[in-house]
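Numbering (numbering that gives the first Met the number 0), first residue to last: 0 to 427.
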Amino acid sequence: MTLADAARACVPTPADASSDDFASAAFDRLRALRDGARDLEPARASAIRRMPTNREASGSARLVEEISSDDVAPTSESESALALLACAAHGALGDGDVPRWSNARLSALAAETYDDGFKARGPDAVIDSFLEAYGRADAPAAPAASFGANAESDVRAAEIAARQLSWCLERDELYLGSPSRTREVVAVAMPRVLRALDYPSEGVRTSGAMSARALSRRATGFDWRAGPGAVLLDACRSALIGASAEVWPHALDVACALTGVVARDAGIEEYRKTFSRAIDCARLRGTETAYAAPLLASFPNLIRDAKACVAVHLDRLLPLLCAYMQSHKDDVAVGAASLVALVVENAWPRARAHCESMWPHVKRAYAEADGRSAVSCDKLRAELERVVELVQLAAGGEFTRVWKSDEDVPAHAVGLVRFLAALPATRA
């Protein structure tokens, strides 16, 4: 068996993806590939020439296309390109996740194969192999309508392909070439990322969101202000609607990161779209940690970029953050209080209008902090003191009237009132 044959055998078919026997057979093939990794035939990405096809005009197609000899040059399938796809089929993602058709032993072997076959040869070897592997087919169109076994096979094939793409886009070496090489990577990856984000299967959408996050975070030398940035931003904002807990953090991260970049040319309307979509979707999930935690992680930089643009969203954003402050998860409560302080800093003129509605939530969170760990209690109360100090500075006498007239202050919140009373006269 040649190295090319071994590499092909490592990638599961739709039937293999649900087979218990595939992993053991794939291990022997991947081990043979690892043993010959240093002698892999180099990729020939520069020799590939896209051939014109009628696929775009002929209707829908699968996420994974069967490539005929009419599509590409006959030299397109090098051992390196096939080996990269084999590693991608079994490699663990950054969060340690291993595909269900593989196992930890196969994943470790895939990492060794990648290190021996690609890392040692430099970033150009990885880039060439990626471009060859993903530059052969047309950009995938929407899946054809199918039922029964055909539908299941289509979904499994798409899940395998999307998982491979996600793993490849997490490789740092893919972005270490020249700016022109990064542009090549983005140009080839974008159509596949966008299709995965819009695919009916939840598993494919999750891989698509992870791919979008890897691409936007790692392609730092790429100018996302141009068309691709706006397109990817819009796709990730759309992915937030009805997003699962697996899709949400990745799509939200990309949307928040790209908004500030795209808005430099497109204007502040981009901030409005992202804030509105993210807040509306998050409110539907209440205080679920799987949705609250990613928002608290992604919003600070978005708010710093947006500055006063966040002010028009306070009517919906502040109630959401105040609800998060009551979360039973200490990190969520502390993060929410910290974000409220940041919101007040950037929406200074509007803080006066919200000081009365915020006070009961701040007071309750301060009082109930005693029920948390000692460290979390101290952190939360410090953040809440920062919040009321900023609100006091912004609202002045209006906020003073609110907290001084409150006759229903719990014993555990008396310290917060004392803190306010001790502020310098210019702040009170």
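Each residue gets a CB set at the ideal place from its N, CA and C atoms; glycine is no exception.
**Prompt:** How is tyrosine 290 classed by DSSP in three states: helix, strand or coil?
**Reply:** Under the three-state reduction of DSSP, tyrosine 290 is assigned to helix.
**Item:** Reduced DSSP secondary structure (H/G/I, E/B, other) of tryptophan 247
**Value:** Three-state result, tryptophan 247: helix.
**Reduced DSSP category for alanine 195 - H, G, I as helix; E, B as strand; rest coil** = Helix, per DSSP.
**Request:** In angstroms with no decimal places, state the Cα-to-Cα distance between serine 152 and alanine 16.
**Result:** When rounded, the distance between both Cα atoms is 10 Å.
**Item:** Alpha-carbon to alpha-carbon, aspartate 27 and proline 299
**Value:** For proline 299 and aspartate 27, the distance between alpha carbons rounds to 48 Å.
**Asked** With distances taken from CA atoms, which of Ala110, Ala91 and Thr286 is nearest leucine 320?
**Response** Distance check between leucine 320 and each of Ala110, Ala91 and Thr286 places Thr286 closest, using alpha-carbon atoms only.
**Message:** Quick check: what's the CA-CA separation for valine 230 versus alanine 213?
**Reply:** Cα atoms of valine 230 and alanine 213: separation of roughly 16 Å, rounded to the nearest angstrom.
**Supposed close pair arginine 7, leucine 81 - CB separation, criterion 8 Å** = Yes, arginine 7 and leucine 81 are in contact; Cβ-Cβ is about 6 Å, under 8 Å.
**Request:** Indicate the three-state DSSP secondary structure (helix, strand or coil) for serine 106 in the structure shown.
**Result:** The three-state secondary structure of serine 106, taken from DSSP, is helix.
**Prompt:** Considering only the beta carbon of each residue, do aspartate 369 and histidine 411 sit closer than 7 Å?
**Reply:** Yes. Within cutoff.
**Item:** Burial state of isoleucine 126 (16 or more Cβ within 10 Å)
**Value:** Burial call: buried.
**Item:** aspartate 314 versus Arg351, Ala291, Leu294 and Asp330, residue with shortest Cα-Cα distance
**Value:** Cα-wise, what sits closest to aspartate 314 is Arg351.
**Assigned secondary structure, glutamate 406 (DSSP; H/G/I helix, E/B strand, else coil)** = It is coil, neither helix nor strand.
**Request:** Return the CA-CA distance between arginine 182 and leucine 239, expressed in angstroms with no decimal places.
**Result:** Approximately 27 Å, taken between the alpha carbons.
**Item:** Continuous alpha helix (DSSP H) stretch holding valine 230: start and end
**Value:** 226-238 is the extent of the alpha helix (DSSP H) around valine 230.
**Asked** Which of helix, strand or coil does DSSP assign to phenylalanine 117?
**Response** In the structure shown, the three-state DSSP call for phenylalanine 117 is coil.
**Item:** Through-space distance from threonine 112 to asparagine 102, alpha-carbon basis
**Value:** Approximately 15 Å between the Cα atoms of the pair.
**Prompt:** Going along the chain, which residues of its own chain have a beta-carbon closer than 6 Å to the beta-carbon of alanine 332, five neighbours each way excluded?
**Reply:** Cβ within range, chain order: Met324, Ser326 and Leu379.
**Item:** Cα-Cα separation between alanine 88 and valine 10, rounded to whole angstroms
**Value:** Distance between the alpha carbons of alanine 88 and valine 10: 6 Å.
**Item:** Contact set for leucine 257: own chain, Cβ-Cβ below 7 Å, skip 5 residues either direction
**Value:** Ser215, Trp223, Gly228, Leu231 and Leu232, listed in sequence order.
**Message:** Less than 7 Å between the beta carbons of alanine 161 and alanine 195, yes or no?
**Reply:** Yes, the Cβ-Cβ distance between alanine 161 and alanine 195 is below 7 Å.
**Asked** So, using beta-carbon positions, are leucine 29 and leucine 108 closer together than 7 Å?
**Response** Yes.
**Item:** Residue span of the alpha helix (DSSP H) that contains isoleucine 126, given as start and end
**Value:** DSSP places isoleucine 126 inside the alpha helix (DSSP H), whose first and last residues are 122-133.
**Request:** Could you work out which residue in Gly266, Glu269, Glu268 and Ser297 is closest to alanine 281 when comparing CA atoms only?
**Result:** Distances from the alpha-carbon of alanine 281 to those of Gly266, Glu269, Glu268 and Ser297 put Ser297 closest.
**Request:** Would you kindly report the start and end of the unbroken alpha helix (DSSP H) that includes alanine 322?
**Result:** Per DSSP, the continuous alpha helix (DSSP H) segment holding alanine 322 begins and ends at 313-323.
**Request:** Can you tell me the Cβ-Cβ gap for tyrosine 365 and leucine 419, rounded? I've got them flagged as a contact below 8 Å.
**Result:** Contact flag wrong, Cβ pair sits at about 11 Å.
**Message:** On the CB-based measure, 16 or more other CB atoms within 10 Å of its CB, does threonine 205 come out buried or exposed?
**Reply:** Per the 10 Å Cβ criterion, buried.
**Asked** Terminal residues of the continuous alpha helix (DSSP H) containing glutamate 367?
**Response** That run of the alpha helix (DSSP H) goes 354-367.
**Asked** In angstroms, rounded to a whole number, what distance separates the CA positions of glycine 266 and glycine 259?
**Response** Taking the Cα positions, glycine 266 is about 9 Å away from glycine 259.
**Span separating the alpha-carbon of alanine 254 from that of arginine 271** = Approximately 12 Å between the Cα atoms of the pair.
**Prompt:** Taking the alpha helix (DSSP H) that aspartate 270 falls in, what are its first and last residues?
**Reply:** Just to set this straight, residue 270 is tyrosine in the shown sequence, not aspartate. Element bounds for tyrosine 270: 268-282.
**Asked** On the three-state DSSP scale, how would you describe serine 67?
**Response** Note on serine 67: pLDDT 42, under 50, position unreliable in the model; no value is reported.
**Prompt:** Going by Cα to Cα distance, which pick from Ala3, Ala277, Gly134 and Met357 is closest to valine 187?
**Reply:** Nearest option by C-alpha distance: Gly134.
**Asked** With distances taken from CA atoms, which of Asp123, Arg385, Gln163 and Ala31 is nearest cysteine 86?
**Response** Of Asp123, Arg385, Gln163 and Ala31, the residue nearest in Cα terms is Gln163.
**Request:** Classify alanine 91 as helix, strand or coil using the three-state DSSP reduction.
**Result:** Look at alanine 91 here: in three-state DSSP terms it is coil, with no helix or strand label.
**Item:** Nearest-angstrom Cα separation, counted from serine 404 out to glutamate 382
**Value:** Inter-residue distance for glutamate 382 and serine 404 is about 23 Å (C-alpha atoms, whole angstroms).
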